Amino acid sequence: MLAKKNKLNGVQYLRGYAAILVVINHLWSHNGYIYKKLNFENIGGFGVDIFFVISGFIMAYTLNDFTKKNNHLAAYEFIKKRVERIYPLYFVILAPSFIIYVLKCMYGSSNFSIATVLGSVLLLPSFNNSESYHMIMSPAWTLVYEMFFYVTLSLIIAISKSKNTCIVMYSLIITAVVFSVNIFGLKGDRLGWVNLSYMVGDPIFFDFIMGFIIFYMKKVNLKTKLSRAVMIFIVVIITLFAMFMASKGLPRILSFGLTSFILVLLFTVNIDSIDNGRFQKEALLLGGASYSIYLTHQLFILLADNIYKKYAWLNSSDFFGLLLSMLVILFGCLVYMKIEKKITAKIKKPHQNTSI
């Protein structure tokens, strides 16, 4: 049997870590010595893969709730919970980004597009290979992938007789589609990062399947007894190794996907030895706030770009990059505590785990 659903602290730790990696990628001084030496240019991508593997694990984990229900009702309840989790806070953060987008269009630095606006609101990919189509909030491309995952998974739930059947069927279909699209040369260009003809052939969807695999490995009660120091050392080594592989041009599924799989696996089967220590409360806060951090850091990217253009020397300062990244993370935590938690409390029942 799996542990109670509220004992996923290891997942929360990694969520916080993944959010930090994305912030560093976008806000750290790009000409800084540390940024270049440690290949921070790619580190945000690693964070995204960690998020996706976690998402696959969590979806398999929470599908327990649907095993005894009608599959159509289960599919509806599943997608309803995902929509409630993704959209409310996203709309709050999208609002100022939309204002900035409109101002750019008014002053001629961007072209206004109804398709872009509607697509950004609904988190839809491009269906016609449009070169101009993009998300108003650039990091929202990952949410388009997430919603694609949720919607397609809910469709499989609706025709499945059991959770296990659903997971196996979904994994086989995604694998077959991705391989077929690539083998037969049907994959489109990435364009604005959310082009559907590119997405259906993107191996990054294997991250979700790797999350499914971790669920089953945890289900058989796989455990490790690694100390906190060893776990931190492993995280550092795996992160550096992932950056090294990415710098050598290895496929993302190997450089980021496989390494994310290893990290998520370790943190789901090694919870006991890393709980109950110093900074646990802070680490859990970062994990809980990871979605707020991820969304709100977009608001600082334009500010950072302007700062680095006006004061070019700051773009070589690792110290300034560190300070700015810390500021963004703290702001995200504040949004989580003051806005996201209140939104979640109004939507979900009091007894539910709001971090899932």
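In full-length UniProt numbering, the protein residues as written are 1 to 356. Note that the Cβ used here is the ideal one computed from N, Cα and C, for glycine as well. What you are looking at is a predicted structure, and each value in this text was computed from that prediction instead of being measured.
Going along the chain, which residues of its own chain have a beta-carbon closer than 6 Å to the beta-carbon of residue i, five neighbours each way excluded?
| i | result |
| --- | --- |
| residue 298 | 137 and 139 |
| residue 130 | none |
| residue 354 | Since pLDDT at residue 354 reaches only 45, below the 50 mark, its modelled position is unreliable, and the value read off the structure follows with that caveat. Same-chain partners within the cutoff: 344 and 348. |
| residue 51 | 18 |
| residue 202 | none |
| residue 158 | 71, 72 and 75 |
| residue 247 | 39 |
| residue 61 | 215 |
At what residues does the alpha helix (DSSP H) containing residue i begin and finish?
| i | result |
| --- | --- |
| residue 245 | 228 to 247 |
| residue 30 | Premise fails: residue 30 is in no alpha helix (DSSP H) and is neither H nor E. |
| residue 41 | Looking at the DSSP string, residue 41 is not in any alpha helix (DSSP H), and its letter there is neither H nor E. |
| residue 164 | 163 to 183 |
| residue 213 | 206 to 219 |
| residue 199 | 196 to 199 |
| residue 257 | From DSSP, residue 257 is part of no alpha helix (DSSP H); its letter is neither H nor E. |
| residue 225 | No alpha helix (DSSP H) contains residue 225, which DSSP labels as neither H nor E. |
| residue 343 | 341 to 347 |
| residue 332 | 318 to 335 |
Got a sec? Which residues, its chain only, sit under 7 Å from residue i by beta carbon, not counting five neighbours each side?
| i | result |
| --- | --- |
| residue 21 | 43, 44, 46 and 47 |
| residue 1 | Unreliable positioning characterises residue 1 in this predicted model, as indicated by a pLDDT of 42, which lies under 50. A coordinate reading is not provided. |
| residue 239 | 46 |
| residue 127 | 196 |
| residue 54 | 11, 14, 15, 211 and 264 |
| residue 283 | 13 and 16 |
| residue 373 | No answer is possible for residue 373: the residues shown for the chain start at 1 and end at 356. |
| residue 104 | 110 |
| residue 208 | 52, 55, 56 and 149 |
| residue 190 | 198 |
Between the Cα of residue i and the Cα atoms of the options, which residue gives the shortest distance?
| i | options | result |
| --- | --- | --- |
| residue 112 | 10, 133 and 220 | 133 |
| residue 122 | 151, 104 and 109 | 151 |
| residue 28 | 153, 329 and 334 | 329 |
| residue 146 | 110, 310 and 199 | 199 |
| residue 119 | 98, 332 and 213 | 98 |
| residue 8 | 306, 280 and 301 | 280 |
| residue 335 | 61, 171 and 88 | 88 |
| residue 171 | 59, 194 and 321 | 59 |
| residue 219 | 268, 155, 322 and 116 | 268 |
Starting from the C-beta of residue i, find all residues in its chain whose C-beta is less than 8 Å away, skip the five residues before and the five after it, and write them out in chain order.
| i | result |
| --- | --- |
| residue 315 | 29, 30, 31, 32 and 308 |
| residue 318 | 28, 29, 32, 33, 34 and 35 |
| residue 342 | none |
| residue 25 | 40, 41, 42, 43, 44, 45 and 47 |
| residue 325 | 20, 23, 24, 27 and 28 |
| residue 96 | 299 |
Write down every uninterrupted run of the beta strand (DSSP E) in the stretch 92 to 142 whose length is 3 residues or greater and which is fully enclosed by it, in chain order.
DSSP runs (the beta strand (DSSP E)) wholly in the stretch 92 to 142: none.
Along the chain, which unbroken stretches of the alpha helix (DSSP H) at least 4 residues long are found entirely within the stretch 264 to 299?
The qualifying runs are 271 to 274 and 280 to 288.
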